[in-house]
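What follows is a set of notes on a single structure, which appears directly below.
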Amino acid sequence: MIKLLGKKRYMSTVFDKKRNQVPITVLEIGPCYVTQIKTLDKDGYQAVQIGYADTKENKITKPIIGHTKKAGAPSVNRLIEFKTAELEKYTPGAPITVEAFSVGDKVTVSARSKGRGFQGVVRRYHFAGGPKTHGQSDRLRAPGSIGASSFPSRVIKGMRMPGHMGNKKVTMCNLLVIDIDVDKNLLTVKGSVPGYRNTPVEVRKG
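What follows is the structure in structure tokens.
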């Protein structure tokens, strides 16, 4: 398994060989740098820690700058790690780019969805609302009954009600890699990826 960090660039559509319209998302992945090698003797498990910088160096904390400098890597502001049994393939300070993926690979992409604030049940859960006649002038977007009064005399946990919508981590699985641009660090996948443009993303293979 390998993980890389990046950000969402934009969404678009392309046409395949059969002239079918295919939705795509273009991601800017890496370059990520190996910042630490976790070993079984020292850390209790085997993993590779990588970092990605999407901000200016003066906004990165000094402990992180010192940590990456010790590994011989540029300053980064985002760190993740992935477990692997092939530690010999990675060297501290070495870059990892989109070349780690290939066209035709299936990848898993995680990102934070767009925040919609506090929303009612019509927008949040696509409720139909109440009837528009028979005196229901103020109940058009109301949820209706949320529970019985006699038993269990309470609102059951998990009841769909108004509340905060979006702004949570969403994972899209088995997205097909359509194209790779090594020079521009671009990874094109089939389908949609959550979030706005420049939303931080995490791409995993394997």
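In this text, residue positions in the sequence shown follow the numbering used here: the first is 1, and each later residue adds one.
For glycine and all other residues, C-beta sits at the position ideal for the given N, C-alpha and C.
The structure presented is a predicted model; accordingly, all values stated were derived computationally and were not measured.
For this session: Take the Cβ of Arg-9 as the centre, count every other Cβ of all protein chains shown within 10 Å, and call the residue buried at 16 or more, exposed below.
Result: Buried, since its Cβ has 16 or more Cβ neighbours within 10 Å.
Exercise. How long is the line joining the alpha carbons of Val-122 and Pro-63, rounded to whole angstroms?
Worked result: Spanning the two alpha carbons is a distance of roughly 47 angstroms.
For this session: Give the single residue among Pro-152, Thr-188, Gly-6 and Gly-163 whose Cα lies nearest to the Cα of Val-76.
Result: Of the candidates Pro-152, Thr-188, Gly-6 and Gly-163, the one whose C-alpha sits nearest the C-alpha of Val-76 is Gly-6.
Problem set entry | Proximal residues to Arg-154 (C-beta, below 8 angstroms), its chain only, five neighbours per side dropped | Gly-147, listed in sequence order.
Exercise. Out of curiosity, what's the CA-to-CA distance linking Arg-112 and Cys-173?
Worked result: Roughly 14 angstroms separates the two Cα atoms.
Exercise. Between Met-165 and Arg-116, which are expected to be in contact by the criterion C-beta below 8 angstroms, what is the C-beta distance as a whole number of angstroms?
Worked result: Cβ atoms of Met-165 and Arg-116 come within 8 angstroms of each other, at about 4 angstroms.
Exercise. What do you reckon, are the CB atoms on Val-103 and Val-177 nearer than 7 angstroms?
Worked result: Yes; because the gap between Cβ atoms is below 7 angstroms, this pair is in contact.
Problem set entry | Exposed unless 16 or more other CB atoms sit within 10 angstroms - verdict on Thr-171 | Thr-171 comes out exposed.
For this session: Find out if the Cβ-Cβ distance for the pair Pro-92, Val-48 is shorter than 7 angstroms.
Result: No, the pair does not count as a contact, with Cβ atoms beyond the cut-off.
Problem set entry | Among Gln-46, Arg-78 and His-126, nearest to Thr-61 - alpha-carbon criterion | For Thr-61, the closest alpha carbon among the candidates Gln-46, Arg-78 and His-126 is that of Arg-78.
Exercise. Since Ile-80 contacts Glu-202 with CB under 8 angstroms, what's their CB separation in whole angstroms?
Worked result: 7 angstroms between Cβ atoms; contact.
Exercise. So, helix, strand or coil for Gly-66, using DSSP?
Worked result: Helix, per DSSP.
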